[in-house]
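Asker: The structure under discussion is supplied below as structure tokens; questions concerning it will follow.
Structure below.
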């Protein structure tokens with residue numbers, strides 16, 4: 001970053017990042033129109049599953065979620081393409097969000113997360129991650145999440161990229177279930193591929 005760029009405000013606040021997606025996955029920029037696109041796709045998924053009763057509930061939650069993503073600074077949603085035969089696009093998803101702490105480094109927040117059970121994904125300690133699981137749309141399902149935090153270079157640890165991978169599992173499904181373990185491995189592998197592109201414009205995948 002040059003002095004001229006700093007004075008004129010030309011330097012990007014966040015460098016671009018690159019993430020490798022699994023085959024048949026796609027990247028969607030978070031825009032005001034994205035919620036409507038996902039709502040239509042979800043309606044088709046529920047129809048195929050024989051659960052149209054979940055449509056209205058999901059639509060309301062989706063609208064709130066999309067507003068929350070935009071307010072939180074989410075940039076991209078990654079998920080399997082709807083064009084993949086036999087695969088529902090909402091079975092898995094990952095959201096890329098930027099978080100920042102203008103008052104100081106995120107060290108204290110990360111330390112608290114580690115004390116609560118967060119771990120390092122890589123030997124270098126570049127990626128901090130943790131898992132969460134909570135109720136889904138009905139009493140029959142749970143939402144399982146894996147969250148990854150990666151410091152943005154050049155931000156003095158005041159800004160980070162947060163990746164949140166989510167899937168739906170049965171409420172009675174054990175955490176060591178074959179599907180649940182496979183999904184966590186997919187999310188871990190995706191997060192591990194994140195690299196930063198130096199001297200570039202605002203972040204993207």
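Numbering (the UniProt record's numbering), first residue to last: 1 to 205. Beta carbons are placed, not taken as given, at the ideal position from N, Cα and C, and that holds for glycine. Note that this is a predicted model, so its numbers are computed, not measured.
Could you check whether the stretch 144-164 touches the stretch 97-108, counting it as contact only if at least three pairs of C-beta atoms, one from each stretch, sit closer than 8 Å?
Answerer: yes
Asker: Within a Cβ cutoff of 6 Å, which residues of the same chain sit near residue 133, ignoring the five residues on either side of it in sequence?
Answerer: 142 and 144
Asker: Using 8 Å as the Cβ pair cut-off and three pairs as the minimum, do the stretch 64-84 and the stretch 25-36 touch?
Answerer: yes
Asker: Run through DSSP, which three-state label would residue 169 get?
Answerer: strand
Asker: Compute the beta-carbon to beta-carbon distance between residue 105 and residue 158, rounded to the nearest angstrom, for a pair I have assumed lies under 8 Å.
Answerer: 6 Å
Asker: Would you call the stretch 183-196 and the stretch 163-175 touching, i.e. three or more CB-CB distances under 8 Å?
Answerer: Result yes; three or more Cβ-Cβ pairs closer than 8 Å.
Asker: Should residue 206 and residue 93 be called a contact, given that it needs their Cβ atoms to be closer than 9 Å?
Answerer: The shown model of the chain, from 1 to 205, leaves out residue 206, and the question about it has no answer.
Asker: Counting C-beta neighbours from all protein chains within 10 Å, is the total for residue 15 16 or more, i.e. buried, or is it exposed?
Answerer: buried
Asker: Name the two residues that bound the continuous beta strand (DSSP E) containing residue 151.
Answerer: 141-151
Asker: I'd like to know whether the C-beta atoms of residue 180 and residue 194 end up nearer to each other than 9 Å.
Answerer: no
Asker: Here's the rule: buried if 16 or more other CB atoms are within 10 angstroms of the residue's CB, otherwise exposed. What is residue 164?
Answerer: Under this definition residue 164 is a buried residue.
Asker: Going straight from the alpha carbon of residue 113 to that of residue 156, what length do you get?
Answerer: 19 Å
Asker: Identify whether residue 125 lies in helix, strand or coil by the three-state DSSP scheme.
Answerer: coil
Asker: Between residue 30 and chain C, is any beta-carbon pair separated by less than 9 Å?
Answerer: Here there is only one protein chain, and chain C is not present.
Asker: Please classify residue 188: does DSSP put it in a helix, a strand, or coil?
Answerer: Helix, per DSSP.
Asker: Taking DSSP as the reference, what is the three-state secondary structure of residue 95?
Answerer: strand
Asker: Residue 112 lies in the alpha helix (DSSP H); which residues open and close that run?
Answerer: 107-115
Asker: What span of residues does the beta strand (DSSP E) with residue 195 cover, start to end?
Answerer: 195-197
Asker: Could you pull the DSSP bridge partners for residue 159 from this structure?
Answerer: 100
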